[in-house]
Amino acid sequence: MYLVVEQLLNGLQFGLLLFLLAAGLTLVFGIMDFVNLAHGSLYMMGAYFAATFVAWTGSFVLGALIALGATLLLGIALEYVALRHLYGRDHLDQVLATFGLILFFNDAVRLIWGPAGLALPLPAWLTVPVQIIPGVYYPAYRLMIIAVALAVAAMLYLVVMRTRIGMLIRAGASNREMIGALGINIKLLFTLVFGLGAALAGLAGLMQAPILTVQIGMGENILILAFVIIVIGGIGSIRGAFMAAIFVGIIDTMGRAFLPDLLRKVLSGAAASTAAPALSSMLIYLLMAIILVLRPEGLFPAAKR
Amino acid sequence: MKKAFWLAGAMALALAQPATAADSVKIGFVSTFSGPTAVIGNDMRNSFELALDHLGRKIDGKPVEVIYEDDQQKPDVGKQKTEKLVQSDKVDFIVGYIWSNVLLASLKTAVDSKTFLISANAGPSQLAGELCSPYVFSTSWQNDQTPAAMGLYMNQKGVKSVFLIGPNYAAGKDMLAGVKSTFKGEVVGEEYTVWPSQLDFSAELTKARNSKAESIFVFYPGAAGVQFLNQYAQAGIKAQIPLYTAFTVDELSLPLQKDNAIGIPGAQEWVNDLPNAENKKFVEDYRKKYPGLRPTYYGAQAYDAAQLINSAVVAVKGDLTKKDAMKAEMEKANFKSLRGPFKYGNNHIPIQNFYLQDVVKDADGQLSLKTVATIVKDDQDKFHDKCSMK
Numbered sequence: 187m188y189l190v191v192e193q194l195l196n197g198l199q200f201g202l203l204l205f206l207l208a209a210g211l212t213l214v215f216g217i218m219d220f221v222n223l224a225h226g227s228l229y230m231m232g233a234y235f236a237a238t239f240v241a242w243t244g245s246f247v248l249g250a251l252i253a254l255g256a257t258l259l260l261g262i263a264l265e266y267v268a269l270r271h272l273y274g275r276d277h278l279d280q281v282l283a284t285f286g287l288i289l290f291f292n293d294a295v296r297l298i299w300g301p302a303g304l305a306l307p308l309p310a311w312l313t314v315p316v317q318i319i320p321g322v323y324y325p326a327y328r329l330m331i332i333a334v335a336l337a338v339a340a341m342l343y344l345v346v347m348r349t350r351i352g353m354l355i356r357a358g359a360s361n362r363e364m365i366g367a368l369g370i371n372i373k374l375l376f377t378l379v380f381g382l383g384a385a386l387a388g389l390a391g392l393m394q395a396p397i398l399t400v401q402i403g404m405g406e407n408i409l410i411l412a413f414v415i416i417v418i419g420g421i422g423s424i425r426g427a428f429m430a431a432i433f434v435g436i437i438d439t440m441g442r443a444f445l446p447d448l449l450r451k452v453l454s455g456a457a458a459s460t461a462a463p464a465l466s467s468m469l470i471y472l473l474m475a476i477i478l479v480l481r482p483e484g485l486f487p488a489a490k491r
Numbered sequence: 007m008k009k010a011f012w013l014a015g016a017m018a019l020a021l022a023q024p025a026t027a028a029d030s031v032k033i034g035f036v037s038t039f040s041g042p043t044a045v046i047g048n049d050m051r052n053s054f055e056l057a058l059d060h061l062g063r064k065i066d067g068k069p070v071e072v073i074y075e076d077d078q079q080k081p082d083v084g085k086q087k088t089e090k091l092v093q094s095d096k097v098d099f100i101v102g103y104i105w106s107n108v109l110l111a112s113l114k115t116a117v118d119s120k121t122f123l124i125s126a127n128a129g130p131s132q133l134a135g136e137l138c139s140p141y142v143f144s145t146s147w148q149n150d151q152t153p154a155a156m157g158l159y160m161n162q163k164g165v166k167s168v169f170l171i172g173p174n175y176a177a178g179k180d181m182l183a184g185v186k187s188t189f190k191g192e193v194v195g196e197e198y199t200v201w202p203s204q205l206d207f208s209a210e211l212t213k214a215r216n217s218k219a220e221s222i223f224v225f226y227p228g229a230a231g232v233q234f235l236n237q238y239a240q241a242g243i244k245a246q247i248p249l250y251t252a253f254t255v256d257e258l259s260l261p262l263q264k265d266n267a268i269g270i271p272g273a274q275e276w277v278n279d280l281p282n283a284e285n286k287k288f289v290e291d292y293r294k295k296y297p298g299l300r301p302t303y304y305g306a307q308a309y310d311a312a313q314l315i316n317s318a319v320v321a322v323k324g325d326l327t328k329k330d331a332m333k334a335e336m337e338k339a340n341f342k343s344l345r346g347p348f349k350y351g352n353n354h355i356p357i358q359n360f361y362l363q364d365v366v367k368d369a370d371g372q373l374s375l376k377t378v379a380t381i382v383k384d385d386q387d388k389f390h391d392k393c394s395m396k
């Protein structure tokens with residue numbers, strides 16, 4: 187029983203982290219109709235900035251906050267310099283250009299920080315396990331990820347649903363030409379949205395960094411999952427991304443946790459241990475395929491254009 | 007007429023071949039030079055270059071040409087690169103291969119063309135057994151040997167039960183099988199993770215803690231080892247269940263693992279402080295030539311590969327067509343290995359010692375690896391009976 191609770195928490199934590207990455211991606215894709223493969227690079231930059239600034243300032247929280255600001259500025263600069271010239275273009279052009287950016291960022295990081303990767307050590311107060319219910323311990327840092335991600339989700343909800351900027355963002359998602367025609371500065375709006383998406387990706391990267399390592403190409407595998415999530419959730423929908431990310435996180439973790447034991451009941455031990463990891467990594471793609479068949483628009487599609 | 011023309015051409019080529027080949031020694035080097043594990047490939051290249059420096063950049067008076075190819079840690083790419091080296095570059099030797107799955111995919115190409123292949127790291131069980139070949143040598147080990155030594159050490163420590171975690175690919179399976187072959191206690195759980203994409207081990211760590219095992223054994227080379235130790239420490243399991251490892255803590259991962267690695271024992275056939283003159287010179291010159299870097303066992307094995315090639319070419323006085331004579335010479339392991347002297351088994355896998363290594367602070371206050379004890383002497387892999395060479 188405790189095992190299930192702990193694994194559910196693992197899944198939730200992973201899902202929420204994916205949400206941060208997917209939220210930015212779905213905003214940019216849904217509102218700006220822009221395919222940004224370099225989103226994973228912003229995730230990587232967030233982690234590298236955090237590792238650098240935490241080492242400089244000596245404080246984890248301060249370093250993380252500076253890194254967050256730096257990723258936001260980087261996102262805005264990137265949009266201003268390179269990406270805004272691509273909005274009118276075909277999706278294929280955007281894919282090619284942003285793929286080029288991935289290569290650019292990977293090599294820039296290799297030049298600046300070297301090929302070996304960095305470590306982002308946690309402060310002592312985050313490395314202790316916390317007893318959440320009697321008998322169940324959970325790493326404090328992973329609990330913090332859950333808390334921060336939930337707070338960010340709530341804030342995003344409030345910003346998008348309750349503020350004027352949010353109204354414009356939603357209007358932009360439904361009909362871009364119309365809000366442009368109504369005299370809204372769409373260029374500025376897009377820059378802001380892109381910066382917000384970059385900051386969210388950076389936040390995901392810097393929070394993941396102490397668990398994993400900070401290394402070149404760290405954003406590429408996880409970006410695939412983020413795309414799966416926005417397809418399942420419905421492109422442009424923050425609520426969809428939130429639900430889908432939690433689904434994907436929990437299914438992935440539960441698959442890894444319990445599938446091997448289930449398979450061992452049917453298959454021989456060796457065959458089960460080989461097949462289980464392969465099968466559990468397929469589960470989320472299976473989920474995506476089923477959802478694409480049943481609801482091609484995703485679970486919570488943004489309002490129709 | 008046309009046929010005759012082609013025939014003449016082919017004969018001219020065949021005649022030309024030994025003449026050009028004899029001018030230099032051509033070595034293909036397949037390793038990972040891009041992506042997160044490129045640091046390993048770089049270390050192997052650094053050590054191989056250092057070995058060539060020590061040989062005066064010449065083998066038996068001939069200049070050496072090394073062609074480095076990046077396998078991107080992918081079996082299909084490794085196979086392509088091996089084919090390129092064999093078929094278009096026509097190399098005399100192929101060296102390298104970090105990953106067992108990459109080596110297994112590339113093996114047939116080299117063996118079919120009768121090109122000598124020297125594995126400087128990967129040691130899949132198949133290579134030691136049914137797929138052994140007169141043209142294939144190893145300067146490393148068979149995968150099962152190192153974890154098997156760790157299993158012996160765990161017996162010495164009186165460990166009663168273990169939970170095994172490793173990556174789901176050829177080497178991961180060999181490694182866990184290796185511990186099981188010598189560990190006398192109970193194996194309460196065995197988990198395989200998706201390789202190389204899975205980086206979060208929370209589900210496996212949770213299961214290990216709940217299994218009530220007395221110890222955990224893992225095999226995670228490269229950056230995955232850093233991630234595993236981070237998560238093991240953060241989950242507070244480090245204080246509860248001791249960890250035993252193979253190929254998880256090395257000089258490349260240590261600067262990132264930092265204090266998380268202290269107190270984590272590992273088994274290895276080479277440690278930087280092994281007391282022989284060649285090894286001292288290797289470690290000193292490496293640190294001089296590549297400031298800020300420290301050599302690893304990957305590099306030491308690549309260094310040995312260069313020395314093995316040198317011994318073979320010198321024995322045939324530079325006539326690289328005498329493959330049987332070169333094979334016979336290499337079987338003697340007639341060179342000064344950095345790990346100290348060793349013998350080759352019938353399957354061309356070293357019969358060698360394995361040491362217990364521990365993490366300590368060295369004179370410069372930096373974390374470093376140190377030999378603590380010899381776990382097993384003159385250990386031979388257990389697949390050599392399955393090899394058809396006697």
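Taken in order, these protein sequences are the chains called A and X. Each residue of the first sequence is one higher than the last, beginning at 187 in our numbering. Each residue of the second sequence is one higher than the last, beginning at 7 in our numbering. From the three backbone atoms N, C-alpha and C, an ideal C-beta is built for every residue, glycine too.
- For Asp-49 of chain X, the enclosing alpha helix (DSSP H) covers residues 44 to 60.
- Three or more Cβ pairs drawn from the stretch 265 to 284 of chain A and the stretch 214 to 224 of chain A lie within less than 8 Å of each other, which places the two stretches in contact.
- Counting the other Cβ atoms within 10 Å of the Cβ of Gln-372 of chain X gives fewer than 16, which makes it exposed.
- The three-state reading of DSSP puts Gln-148 of chain X in coil, since its state is none of H, G, I, E or B.
- Following the DSSP letters along the chain, one finds Tyr-226 of chain X in no alpha helix (DSSP H), marked with neither H nor E.
- In the three-state reduction of the DSSP assignment, Gln-358 of chain X falls in the strand class, which pools E and B.
- Here Val-281 of chain A has Val-221, Leu-223 as same chain residues with Cβ atoms under 8 Å from its own Cβ, once five neighbours each way along the sequence are excluded.
- Within the same chain, and ignoring the five residues on either side of Glu-136 of chain X in sequence, the residues whose Cβ sits closer than 7 Å to its Cβ are Lys-392.
- Look at Leu-262 of chain X: its C-beta is under 7 Å from a C-beta on chain A.
- Using a 10 angstroms sphere on the CB of His-277 of chain A, the tally of other CB atoms stays under 16, which defines it as exposed.
- For Pro-325 of chain A, the secondary structure class from DSSP, reduced to helix, strand or coil, is strand.
- Burial is judged here by how many other beta carbons sit within 10 angstroms of a residue's own beta carbon; Arg-362 of chain A has at least 16 and is buried.
- DSSP places Ile-421 of chain A in the coil class of the three-state scheme, outside both helix and strand.
- The secondary-structure analysis by DSSP pairs Ile-124 of chain X across a beta bridge with X:Val-101, X:Phe-143.
- Of the candidates X:Tyr-250, X:Ile-65, X:Phe-341, X:Phe-341 places its Cα closest to the Cα of Glu-284 of chain X.
- According to the DSSP assignment, Tyr-234 of chain A belongs to no beta strand (DSSP E) but to the alpha helix (DSSP H) extending over 225 to 243.
- As summarised for the stretch 439 to 490 of chain A, the continuous alpha helix (DSSP H) elements at least 4 residues long and confined to that stretch are 455 to 480, given in chain order.
- For Ala-335 of chain A, same chain residues with a beta-carbon under 7 Å away, outside a window of 5 residues either side, are Leu-202, Leu-203, Phe-205, Leu-206 in chain order.
- With a 10 Å radius around the Cβ and a threshold of 16 neighbouring Cβ atoms, Asn-407 of chain A comes out exposed.
- Under the three-state reduction of DSSP output, Ile-65 of chain X falls in the strand class.
- Interface with chain X (7 Å Cβ-Cβ cutoff): Gln-401 of chain A is included.
- For the stretch 252 to 322 of chain A, the continuous alpha helix (DSSP H) assignments of 4+ residues that do not extend past its boundaries occur at 277 to 299, in sequence order.
- When A:Ile-477, A:Leu-469, A:Val-191, A:Ile-470 are compared, the shortest CA-CA separation from Tyr-323 of chain A is found for A:Val-191.
- Just measuring C-alpha positions, the residue of X:Leu-280, X:Thr-115, X:Asp-330, X:Phe-223 sitting nearest Leu-91 of chain X is X:Thr-115.
- In this structure, DSSP gives Ala-241 of chain X a state outside helix and strand, which the three-state scheme calls coil.
- Note that the C-beta distance between Asn-316 of chain X and Leu-133 of chain X is not below 7 Å.
- With respect to the C-alpha of Thr-145 of chain X, the residue from X:Lys-383, X:Lys-396, X:Phe-348 having the closest C-alpha is X:Phe-348.
- By the beta-carbon neighbour count (other beta carbons within 10 angstroms, threshold 16), Glu-290 of chain X is exposed.
- At least 7 Å separates the CB of Tyr-229 of chain A from every CB of chain X.
- Contact between the stretch 36 to 49 of chain X and the stretch 394 to 410 of chain A is established, with three or more Cβ pairs separated by less than 8 Å.
- CA-to-CA, the gap between Ala-209 of chain X and Arg-442 of chain A works out to about 7 Å.
- Burial state of Tyr-175 of chain X is buried, judged by a 10 Å Cβ sphere holding 16 or more other Cβ atoms.
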